[in-house]
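These protein sequence lines map, in sequence, to chains A and Z.
Using my numbering, you'd call the opening residue of the first sequence number 1 and step up by one each time.
Using my numbering, you'd call the opening residue of the second sequence number 1 and step up by one each time.
Heads up, the beta-carbon is just placed ideally off N, CA and C, and yes, glycines get one too.
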Amino acid sequence: MPDTGYLFAAAGVAAAVTWALRALPFAALNALRSSAVVRDLSARMPAGVMVILLCYCLRDLPVTHPARLVAPLVALAVTVGVHLWRRSALLSIVGGTVVYVVLVNAVHLG
Amino acid sequence: MGTVAAAAVDAPAIPGPIPAPELIPALIPPPATAPSPRRADIAAALRDSASVGLGLVPLGLAFGVVVTHAGLPWWCAVLFTSTVYAGSLEFLLVPLAVAAVPLATVALTAFLVNVRHVFYSLSFPLHRVNGRLAKAYSTFAMTDEAYALSTADNARDWHGRRIVWLQVLLQLYWVLGATVGALLSTLIPSSLNGLDFAMTALFTVLALDALRDRQKDLPTPVLAVLSALIARWLFPEQFLLAAFVLFTAGLTARRLLAGTASRGSADA
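#1: Taking the alpha-carbon positions, what's the Leu-223(Z) to Pro-2(A) distance?
#2: Which value, in whole angstroms, describes the spacing of the CA atoms of Ala-249(Z) and Tyr-137(Z)?
#3: For Met-1(A), which of helix, strand or coil comes out of DSSP?
#4: Would the beta-carbon of Thr-68(Z) fall within 8 Å of that of Ala-178(Z)?
#5: Comparing the C-beta of Val-106(Z) with each C-beta of chain A, is any distance below 8 Å?
#6: Got a sec, what are the start and stop residues for the alpha helix (DSSP H) Asn-114(Z) sits in?
#7: Could you give the distance in angstroms between the alpha-carbon of Arg-39(A) and the alpha-carbon of Asn-30(A)?
#8: Between Arg-156(Z), Ile-163(Z) and Ala-155(Z), which lies nearest to Thr-139(Z) when the distance is taken from Cα to Cα?
#9: Could you check whether the Cβ of Trp-85(A) sits closer than 8 Å to any Cβ belonging to chain Z?
#10: Do Gly-95(A) and Val-74(A) have their C-beta atoms closer together than 8 Å?
#11: Note down, in chain order, all residues in the segment 122-135 of chain Z with a beta-carbon under 7 Å from any beta-carbon belonging to chain A.
#12: Rounded to whole angstroms, what is the Cα-Cα separation between Arg-132(Z) and Phe-8(A)?
#13: Looking at chain A, is there any beta carbon in it that lies within less than 8 Å of the beta carbon of Leu-23(Z)?
#14: Please confirm if Gly-177(Z) has its CB atom under 8 Å from at least one CB of chain A.
#15: Please list, in chain order, all residues of the same chain as Pro-95(Z) whose beta carbon is under 8 Å from its beta carbon, the five residues on each side excluded.
#16: Answer yes or no: does any C-beta atom of chain C fall closer than 8 Å to that of Ser-185(Z)?
#17: Helix, strand or coil: how does DSSP classify Trp-19(A) here?
#18: Going by DSSP in three states, Asp-48(Z) sits in which element: helix, strand or coil?
#19: Between Ala-148(Z), Ala-44(Z) and Ala-97(Z), which lies nearest to Leu-54(A) when the distance is taken from Cα to Cα?
#20: Between Ala-16(A) and Pro-221(Z), what straight-line distance do the alpha-carbon atoms span, to the nearest angstrom?
#21: Using a cut-off of 9 Å between C-beta atoms, extract the partners of Gly-81(A) located in chain Z.
#22: Taking Cβ-Cβ distances shorter than 7 Å, what residues in chain A pair up with Ala-224(Z)?
#23: Anyone know if the C-beta pair for Arg-22(A) and Met-142(Z) falls short of 8 Å?
#24: Can you grab the Cα-Cα spacing for the pair Val-49(A) / Phe-244(Z), in whole Å?
#25: Closer than 8 Å, Cβ to any Cβ of chain A: which residues of the segment 201-221 of chain Z, in chain order?
#26: Going by alpha carbons, who is nearest to Val-70(A) out of Leu-84(A), Ile-52(A), Val-102(A) and Arg-33(A)?
#27: Strictly under 8 Å for the Cβ-Cβ distance: is Pro-25(A) near chain Z by that measure?
#28: Report the neighbours of Arg-59(A) on chain Z: residues whose CB is nearer than 7 Å to its CB, in chain order.
#29: Residues of chain Z with CB closer than 7 Å to the CB of Ala-11(A), please, in chain order.
#30: Could you tell me if His-113(Z) is buried or exposed, where buried requires 16 or more neighbouring beta carbons within 10 angstroms of its beta carbon?
#31: Spatial neighbours of Arg-214(Z) within its chain, please: CB distance less than 7 Å, with the 5 preceding and 5 following residues excluded, ordered by chain position.
#32: If you compare alpha carbons, which of Ala-242(Z), Leu-208(Z), Leu-256(Z) and Leu-257(Z) is closest to Ala-89(A)?
#33: If you compare alpha carbons, which of Cys-57(A), Val-98(A) and Arg-33(A) is closest to Ala-228(Z)?
#34: For Leu-218(Z), count the other beta carbons within 10 Å of its own beta carbon; 16 or more makes it buried, fewer makes it exposed. Which is it?
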């Protein structure tokens, strides 16, 4: 196990880089805020960003092993289905995750 | 900045030196019929955070379990969630810390995983947040979830305090979930896999909600999926960075083309 000093240093480095990436662009952005292109981008980006992050989570789907696709695809379908049905984020997340954990561990489809 | 969350986490556990609730009205002028603005802000933020925010609790639990099952001490779950506070990077940081990789590698990984936040400044409503400390915390806590919630259609009239309280609550859910997960992880068999699917499920929910706000805007999700596929195919090592650059470039190109093609027509 790494020593305590290293763990704090690693967390500190990761935190500093992350905060800089989140905070510094705002300083550069004030000049652009009146631009119509930037306003259009800012309206369209949130939906696209979340779609890309979802694709990122699914990037390692084992497409060449159909049997191993069952657990993630069923869990994904459950998440989407429950969310369209009840619109409760908590229920959708817990439901999808429980289905995935059960399929992967108990049924050994993963 | 972790102190904000740490203080909030500690608050319920300190019974002694804090003035008893019945003493507070003596110090503050009694409220008129309306509740105090701060209380109203917190109440609104609690409602705003109730759906997606509470989804962070199972995800935090999963993260806490991942931390201790990897062999790190339980307090690493508290340390990472309160200081780094970027979910996907924290999951990645666990194997890096176990391997004790050089700090330069940690910095590079943090940069590549989180450089996407540069794009969030285009739409995150930081201009509504007043005060240096609040602005500093608001940028520190500008996670994917905070970004998704405060750029949604129904958040258009939220003022800065309501957004910052929402961010405080989101971090509180995340830190508490991870802490409990790490402390209880001995009860969970280490062979139990798949808890990290909570992150996939969270982004599924956020994407569905964001798409519902833009039902007539089919090109945006199509462009996003295309960007992701091209990034996965051509730049698998820099997936997120490549996908965000392609997506932003595609949106800009589309906007400029639409501007020249139908000058003057309203473009939603």
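According to the structure data:
#1: 43 Å
#2: 30 Å
#3: coil
#4: no
#5: yes
#6: 103-114
#7: 12 Å
#8: Ile-163(Z)
#9: no
#10: no
#11: Leu-122, Ser-123 and Leu-126
#12: 26 Å
#13: Note on Leu-23(Z): pLDDT 45, under 50, position unreliable in the model; the coordinate value appears next. No, no contact with chain A.
#14: no
#15: Ala-70
#16: Looking for chain C here will not work: the only protein chains present are A and Z.
#17: helix
#18: helix
#19: Ala-148(Z)
#20: 32 Å
#21: Here the premise fails: no neighbours, minimum Cβ distance about 11 Å.
#22: Gly-48, Val-51 and Ile-52
#23: yes
#24: 7 Å
#25: Ala-201, Leu-202, Phe-203, Thr-204, Val-205, Leu-206, Ala-207, Leu-208, Asp-209, Ala-210, Leu-211, Asp-213, Arg-214, Asp-217, Thr-220 and Pro-221
#26: Val-102(A)
#27: yes
#28: Arg-232 and Phe-239
#29: Leu-79, Phe-80, Thr-83 and Val-84
#30: This sequence places Val at residue 113(Z); His is not what is there. So Val-113(Z) ends up on the buried side.
#31: Thr-220
#32: Leu-208(Z)
#33: Cys-57(A)
#34: exposed
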